[in-house]
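Taking full-length UniProt numbering, the leading residue of the sequence shown gets 1, the next gets one more, and so forth.
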Amino acid sequence: MTDAELNDRLRANVILFKHLQRERGMLRHLGAPGLDAFSLPTYPAESHFQQAYFQTPQALAEGLPALEDFYRRQGIPAWRVAVLPGQDEGARLLGAHGYRPDNRIPAMGLALADIPDERPTFPLVETESQEEMVALNIRVWGKWDDILSVWNQPPRLPVRTLVAREEGRALACGFSLDVDDTAGVYMVVTLPEARGRGLASEVMKGLLSHARARGLTASVLQATEQGRSVYRKLGYRELGDWVNWARGA
């Protein structure tokens, strides 16, 4: 499975993840052939919540005027377009329209056939409720309570959530979202006082083992710098950074 294939799967997964937020009232969406743009009007000044994705340079060229109008009509001062590895023509097009590189997000992925089925040794609980996952992420991030709390709203999320508990207390968590035969991994956090025990790795092992049992063949994620080394040890490989190109209104 090539890096390009895994990056395409990651993009499809991230777009579905954002649609789950949209369905619960947080995000707005503009859809065009080969182009998806999402906005969070309640946080207009935070450009990292105003995010667009494209599949081909042609889709970007044809959809860019509507994309820019979408953000401007909402009073959003700046937004970003993700450029994946290999999308050099899209980067040139954005540069010609006044966009500039803003930040990078590490993309990682793996084929499940390439790694051993390593089961977690710490007891994990699969939960239908997202309350513990939301509470842990709010505690760890220390902000965006309203954005994170949206995951508690109906309808039930089509995700697999695992929680590491000790003496009834949730210490770490994460969930996976299936798109076709690929599991996207999100919301993996550990309480500060529980770090250093490998709990994030245990949650990840559980998510990967469950994905394999469901017949999936790959897993993808967007990494933080803090989590990058954890994912490498589990068999994820670097797919190249996604570069966000930013433009102001």
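Glycine included, every Cβ here is placed at the ideal spot set by N, Cα and C.
Consider the C-beta atom of A135 and the heavy atoms of the ligand ATP; say whether any pair is separated by less than 7 angstroms. This structure simply doesn't include the ligand ATP, nor any ligand for that matter.
For the structure I just gave you, are there three or more beta carbon pairs, one from the region 141-148 and one from the region 222-230, closer than 8 angstroms? no
Nearest neighbour of G63, chosen from L93, V203, H48 [CA to CA]: L93
Considering only C-alpha positions, which residue in the set D181, D102, V189 is nearest to A172? V189
At which residues does the alpha helix (DSSP H) containing D156 begin and terminate? Checking the sequence shown, residue 156 turns out to be Arg, not Asp. Looking at the DSSP string, R156 is not in any alpha helix (DSSP H), and its letter there is neither H nor E.
Nearest-angstrom Cα separation, counted from L216 out to H29: 28 angstroms
Buried/exposed call for A223, threshold 16 Cβ in 10 Å: buried
From which residue to which residue does the beta strand (DSSP E) around G86 run? Run containing G86: none; DSSP gives neither H nor E here.
With a threshold of 7 angstroms on Cβ separation, who are the neighbours of G86 within its own chain once the five nearest residues in sequence on each side are excluded? A4
Let's see if you can read the secondary structure: which residues bound the beta strand (DSSP E) around P106? 100-111
Nearest-angstrom Cα distance between G98 and Y236? 35 angstroms
Is the beta carbon of W124 sitting closer than 8 angstroms to the one on A170? Looking at the sequence provided, one finds Leu at residue 124 rather than Trp. It is not a contact, given that the beta carbons lie outside the stated cut-off.
Nearest residue (CA-CA) to P106, options A78, R119, L84: L84
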